[in-house]
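Peer 1: Sharing a structure, written as structure tokens. Questions coming.
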Amino acid sequence: MTPRLSKRITSRPWLGLALVLLLGACSRPPSPETEIRALVAAAVAAAEERNVRDLRALIAEDYVDRRGLDRKAVENLIRLHVLRQQSIHLFTRMRRIEFPESERALASVAVAMAGKPVQDAGALVGLNADLYRFELELVRSGHNGWRVRRADWEPARLDDFW
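Residues in the sequence shown are numbered consecutively from 145, following this note's numbering.
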């Protein structure tokens, strides 16, 4: 920036603010894949903080899975898990994200649930952790972002984390 332009911007604070706002408005919105990765990260943070309210907010109103569990039943499972565990530490590996429709996504996530922090997949070897593979169906819920409409899970293998 030239000294002259710099002086003009600093002498007019509103112009500097307008420039910052304009540049911010020009940035691209996050991609749907980035939004889904953020949802998974938010779920991990909420689970580790034992924050049932924030986890509930990530579940779609019309949630139902192949086990026949609806939203209320899944909320109860979450509460039960939080009550049973003194500490919750999750290690996740996003395996796949697909978009069969613009407002619908399918994601596969490997999750290790442990009583202590897991830094990397190698730390899982020999660790007493529950390993699961979650197959998620997500729907975009207007301005509320993505929500989990269905989640199916089964035991995972260590291979799922590499």
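Beta carbons: idealized from backbone N, C-alpha and C, even for Gly.
I need the DSSP call for VAL269, collapsed to helix, strand or coil.
Peer 2: coil
Peer 1: So what does DSSP say about ASP214, is it helix, strand or coil?
Peer 2: If DSSP states are grouped into helix, strand and coil, ASP214 belongs with the strands.
Peer 1: Mapping DSSP to helix, strand and coil, what is GLU179?
Peer 2: helix
Peer 1: If you follow the alpha helix (DSSP H) that ASP198 is part of, which residue opens it and which one closes it?
Peer 2: 196 to 200
Peer 1: Residue range of the beta strand (DSSP E) that TYR207 falls in?
Peer 2: Where TYR207 is concerned, there is no enclosing beta strand (DSSP E), given that its DSSP letter is neither H nor E.
Peer 1: Where in the stretch 238 to 301 do unbroken runs of the beta strand (DSSP E), each at least 3 residues long, occur, reported from the N-terminal end onward?
Peer 2: 248 to 258, 274 to 284, 290 to 299
Peer 1: Thinking just about the alpha-carbon of each residue, which of LEU268, VAL283, HIS233, GLY266 is nearest to the one in ALA185?
Peer 2: With distances taken between CA atoms, ALA185 lies nearest to HIS233 out of LEU268, VAL283, HIS233, GLY266.
Peer 1: Suppose the cutoff is 7 Å on Cβ atoms and the five residues either side in sequence are ignored; what does the same chain contact list for ILE241 look like?
Peer 2: GLU177, ILE180, ALA249, ALA251
Peer 1: Report the residue from VAL226, PRO173, GLU219, LEU183 whose alpha carbon sits nearest the alpha carbon of LEU282.
Peer 2: LEU183
Peer 1: Alpha carbon to alpha carbon, how far is ALA265 from LEU302?
Peer 2: 8 Å
Peer 1: Can you tell me which residues form a DSSP beta bridge with LEU221?
Peer 2: Bridge partners of LEU221: none, in fact.
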